[in-house]
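This report refers to the structure that appears directly beneath it.
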Amino acid sequence: PPSLSGDFSTLMGWADSVRRLGIRANAETPEDAETARRFGAEGIGLCRTEHMFFGPDRIGHVRQMIMTEEPEARARAIGALLPFQRDDFSALFRIMAGLPVTIRLLDPPLHEFLPHGEAELKDVAAALGQSVDALRARRSALSEANPMLGHRGCRLGISYPEIYAMQVRAITEAALAVSKEAGKAVIPEIMIPLVGTKAELDLVRKACESVIADVLKEQNAELTYTIGTMIELPRAAITADQIAESADFFSFGTNDLTQTTLGLSRDDAGSFLPAYVEKGLLPQDPFISIDREGVGALVRMGVEKGRATKPDLKLGICGEHGGDPLSISFFEEVGLDYVSCSPFRVPVARLASAQAALAARRNAVKA
Ligand code: PEP
Ligand code: MG
């Protein structure tokens with residue numbers, strides 16, 4: 524892609540010379556990754572892998588895997604997804620050319636992966652050789668009234684360990700292949716979503732490490748990688764000192780952290796929130812700018828507790844707030860290492876980080 528030049532790049536150069544925060548992008552498609560690089564992103568801070576499973580050649584396998592309880596049928600369905608994921612990750616690693624890439628293991632609202640309607644149910648039943656009635660019963664057993672507060676994130680990875688095993692194998696194989704092809708090491712960062720307890724992270728981390736060890740043994744190869752977690756539940760922030768024992772990095776998921784701290788649905792809040800903010804009942808839309816006294820206090824707690832356990836713990840943020848200037852000044856203040864935002868917000872984030880760094884210097888001089 525053409526690079527951006529002229530006044531824009533002069534301005535960005537000035538911003539880059541003063542900012543402290545690293546700037547990454549949230550990207551899962553090659554197009555987004557290319558846009559991110561063109562705008563100066565220094566890595567991918569969040570690759571949401573759930574978006575990779577909706578293609579017409581993939582979703583059927585996902586549905587089969589979720590809907591069957593037979594280990595062999597699950598293994599077959601998930602096995603069919605491995606080559607797709609290997610290609611997905613290889614493409615991102617190639618584009619990012621050695622820059623850090625944080626890949627988050629599957630975090631779907633489960634209902635989006637269940638077969639909808641009779642036709643889809645029949646397709647899955649035929650592929651699995653099961654009766655439509657049996658699958659209808661399983662679908663209703665898996666249905667949830669509040670999917671965003673239910674069987675998602677690492678909870679799903681724990682119920683279906685095959686999914687994360689497949690993804691970690693795909694990440695490892697892709698990282699090894701692209702490292703070899705480019706003559707430059709790819710260092711993948713594997714991220715576990717929706718962790719609330721150290722025990723969850725320990726269980727998933729151990730499973731990931733075992734898959735990586737298998738692949739490295741098969742290929743007689745070596746790979747440097749890190750495994751970290753999202754901090755997106757209040758409990759994770761509150762117990763960040765324990766969670767840090769098992770994490771190489773934290774990335775604050777401020778979308779879910781806002782939802783769970785305020786008890787406010789991130790999908791439905793639109794109806795009354797503007798009037799509510801106008802009446803001064805909340806300082807601003809908390810899904811846009813960080814609510815310093817609420818979610819912000821939990822982020823600060825997560826930073827302090829995490830670093831108390833591991834002083835060099837890498838800390839980022841990948842919720843929508845990562846591209847919001849007011850929030851970026853807060854992330855500068857609490858000492859995060861980087862923000863990750865949508866690719867088109869990268870220039871704004873570079874400028875806002877520079878302004879935040881200058882403000883921090885001014886404050887230091889005053890003190
Ligand atoms: C978040 O919760 O802030 C986050 C980045 O994850 P997602 O938006 O995919 O839930
Ligand atoms: Mg989240």
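Residues 524 to 890 in full-length UniProt numbering are what the sequence shown lists, from first letter to last. For glycine and all other residues, C-beta sits at the position ideal for the given N, C-alpha and C.
- By a beta-carbon distance limit of 8 Å, Gln690 contacts Thr572. Their separation comes to about 6 Å.
- Exclusion of Gly786 from the 8 Å shell around ligand 2 follows from its C-beta lying no nearer than that to any non-hydrogen atom of the ligand.
- Note that the C-beta distance between Asp808 and Val818 is not below 9 Å.
- As the crow flies, the alpha-carbon of Ile582 is around 22 Å from that of Asp555.
- Shown here for Gln765: same chain residues with a beta carbon closer than 7 Å to its own, the five before and five after excluded, namely Lys721 in chain order.
- When distances are taken from the beta-carbon of Leu717 to the heavy atoms of ligand 2, the shortest one is below 8 Å.
- The three-state secondary structure of Lys837, taken from DSSP, is strand.
- Not one heavy atom of ligand 1 lies closer than 8 Å to the C-beta of Leu527.
- Distances from the CA of Thr783 to each of Glu768, Asp814, Gly803, Phe773 were compared; the closest alpha carbon is that of Asp814.
- Pairing Phe772 with Met714 gives a Cβ-Cβ distance under 9 Å.
- A straight-line Cα-Cα distance of about 43 Å links Glu843 and Gly652.
- The stretch 865-881 makes contact with the stretch 559-567: 3 or more CB pairs, one atom from each, lie closer than 8 Å.
- For Glu723, the uninterrupted alpha helix (DSSP H) run begins and ends at 721-742, by DSSP.
- The C-alpha of Ile546 is placed about 7 Å away from the C-alpha of Val869.
- Secondary structure of Glu593 (DSSP, three-state): coil.
- Per DSSP, the beta bridge partners of Pro711 are Val624.
- Look at Asp630: its beta carbon is less than 8 Å from one of the heavy atoms in ligand 2.
- Considered as a whole, the stretch 739-822 harbours 749-754, 772-775 as its complete beta strand (DSSP E) runs of no fewer than 3 residues, in chain order.
- Of the heavy atoms belonging to ligand 1, none sits nearer than 8 Å to the Cβ of Glu712.
- Leu859 is positioned such that its CB atom lies closer than 9 Å to that of Leu838.
- Residue state for Ala550 is assigned as coil, using DSSP reduced to three classes.
- Under the three-state reduction of DSSP, Ser863 is assigned to strand.
- Nearest in C-alpha terms to Pro553, of all of Met575, Asp539, Leu881, is Met575.
- Rounded to the nearest angstrom, the gap between the Cα atoms of Leu544 and His584 is 40 Å.
- Bridge partners of Gly545 according to DSSP: Tyr861.
- Where Gly568 is concerned, there is no enclosing alpha helix (DSSP H), although the beta strand (DSSP E) around it starts and stops at 567-571.
- Taking a contact as a CB-CB distance under 8 Å, the pair Val718 and Ala668 does not count as one, their CB atoms being some 23 Å apart.
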